[in-house]
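Colleague: Supplied in structure tokens, the structure appears directly below.
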Amino acid sequence: MEIVIESRAGTCPFTCDPGEKILFAGLRAGLTLPYDCATGTCGMCKARVRTGTVEVIWPEAPALAKLQRDKGDILMCQSRATSDCVLRVPANVVISESGPLPRHGTGRVQKVERLTGDVMHFELALPVPMTFHAGQFVVLTAPGINGARAYSMVNFAPSTSTLELVIKKKPGGGLSEWLFEADRTGLELGVFGPLGRATFRPNEDHDFVCIAGGSGIAGILSILEHATEAGHFQKHNGRVFFGVRTLRDGFYLERFSRLVTRSQGALEVVLALSHEEVEAPLHPQFSTIQIAHGFVHDVANERLEADCSAVTSFVAGPPPMVDGAIRVLIGHGVPSTQIRYDKFG
Ligand code: FES
């Protein structure tokens, strides 16, 4: 199908393969289409059908409820074209020269490891290496499972055949329940990516603050790995606030501990416990990690300096936590242009 995007920046044509999501086809062609979650929850990928017909892939997508569907509004991440189409997108859409461009592929599940009662680490072996920025994510699909889910990469490498991912068990969570209920080692998943613009660039000259809840920590860890390798903590400081419910729910603490030690004091990690009070200020097993009590954005609010106007910040986690963290950062003077975030519903 031929799709033409009309936007404030002019028109951009691209081709959609049969059955392909319009958003994915456009991103694959290098268009700067607006999106955030890529899985039907945020509403960022809204477009209006001017001519042609489309089919909704997931009628229960939460963001569909916010659209004027009678006027032809669609979510590009939840629509496939059933004829050539002209779509109006309320943004500046151009063809970007900067990569890496996302692509469709597969990955085989390997190295599945339970980290806590409801969090699992697993790896995907890719037949073709992927290049991605620290902080990016992929969208996964499984055979026989409706819908797709987004997972941030935990690892970072300039080009890699292994994606390290973390998944939190969610009741009714489709793919997450499927991965938890049996050993899926060796099975093949559909992979589309890399996606996401909440990324770290090694040439930026700022201290940074990261606030993450639960499995949202994945992309933050990738950013820390890259920043460490790029020598960022030789010149800059970093502060990480990682929110979980109790001490037992903390994970990847050994990896954090290693990064704190390597930073020689430039990186600070605080584990914020929302449902447990622990008197000791340091983690009993990982003494480089501080412990605090409270919701992660409240802990960040208490501990951040009044003026954080010169920092870059990364935020990832469930939508209410991300909204709270953004309010805290703005309250501490972080310019909104310096706040990068991913919301995982
Ligand atoms: Fe389509 Fe979020 S990108 S709803």
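Residue numbers (the working numbering): 68 to 412.
In this text, a Cβ means the ideal position worked out from N, Cα and C, and glycines have one as well.
Roughly how many whole angstroms lie between the Cα atoms of residue 345 and residue 224?
Modeller: In a straight line, the C-alpha of residue 345 is about 36 Å away from that of residue 224.
Colleague: Can you tell me whether residue 77 is helix, strand or coil according to DSSP?
Modeller: Residue 77: strand per DSSP, three-state reduction.
Colleague: Ends of the alpha helix (DSSP H) at residue 391?
Modeller: It spans 386 to 398 - the alpha helix (DSSP H) in which residue 391 sits, taken as one unbroken run.
Colleague: In the DSSP assignment, the beta strand (DSSP E) including residue 263 goes from what residue to what residue?
Modeller: Residue 263 -> no beta strand (DSSP E), and no H or E assigned at all.
Colleague: Please name the residue or residues paired with residue 115 in a DSSP beta bridge.
Modeller: According to DSSP, which records beta bridges pairwise, residue 115 is partnered with 140 and 155.
Colleague: At a cut-off of 7 Å, is residue 408 close to the ligand FES when judged by its beta-carbon and the heavy atoms of the ligand?
Modeller: Incorrect: residue 408 has no Cβ contact closer than 7 Å to the ligand FES.
Colleague: Specify, as a first and last residue, the run of the beta strand (DSSP E) that residue 294 falls within.
Modeller: Premise fails: residue 294 lies in the alpha helix (DSSP H), 284 to 296, not in any beta strand (DSSP E).
Colleague: Taking 7 Å as the cut-off, does the CB of residue 142 come closer than this to any heavy atom belonging to the ligand FES?
Modeller: At least one heavy atom of the ligand FES is nearer than 7 Å to the Cβ of residue 142, so yes.
Colleague: So residue 221 packs on residue 215, CB below 8 Å; how close in whole Å?
Modeller: Not quite, the Cβ-Cβ distance comes to about 19 Å (not below 8 Å), so this is no contact.
Colleague: Tell me which residues share the same chain as residue 100 and place their Cβ nearer than 8 Å to its Cβ, disregarding the 5 neighbours each side in the sequence.
Modeller: Same-chain partners within the cutoff: 72, 90, 93, 94, 112, 143, 156, 158 and 160.
Colleague: Classify residue 210: buried if its beta carbon has 16 or more other beta carbons within 10 angstroms, exposed otherwise.
Modeller: Result: exposed.
Colleague: Which residue marks the beginning of the beta strand (DSSP E) containing residue 205, and which one marks its end?
Modeller: Note, residue 205: beta strand (DSSP E), 204 to 208.
Colleague: Within 10 angstroms of its Cβ, does residue 409 collect 16 or more other Cβ (buried), or is it exposed?
Modeller: When all chains shown are included, residue 409 counts as buried.
Colleague: So is residue 195 buried or exposed if we call it buried at 16+ other beta carbons inside 10 Å?
Modeller: Result: exposed.
Colleague: Judging by CA-CA distance, which residue of 76, 83, 307 and 145 is the nearest neighbour of residue 107?
Modeller: Minimum Cα distance to residue 107 is reached at 145.
Colleague: Which value, in whole angstroms, describes the spacing of the CA atoms of residue 175 and residue 251?
Modeller: Cα to Cα, the separation comes out at about 9 Å.
Colleague: Give me the residue from 367, 298, 267 and 76 with the minimum Cα distance to residue 286.
Modeller: Residue 286 has its Cα closest to that of 267, out of 367, 298, 267 and 76.
Colleague: Take residue 402 and list the residues in its own chain whose beta-carbon comes closer than 7 Å to its own, dropping the five residues that flank it on each side.
Modeller: The residues are 376.
Colleague: Please state if the CB of residue 293 and the CB of residue 201 are separated by a distance shorter than 8 Å.
Modeller: Their beta carbons are under 8 Å apart, which means residue 201 touches residue 293 by this criterion.
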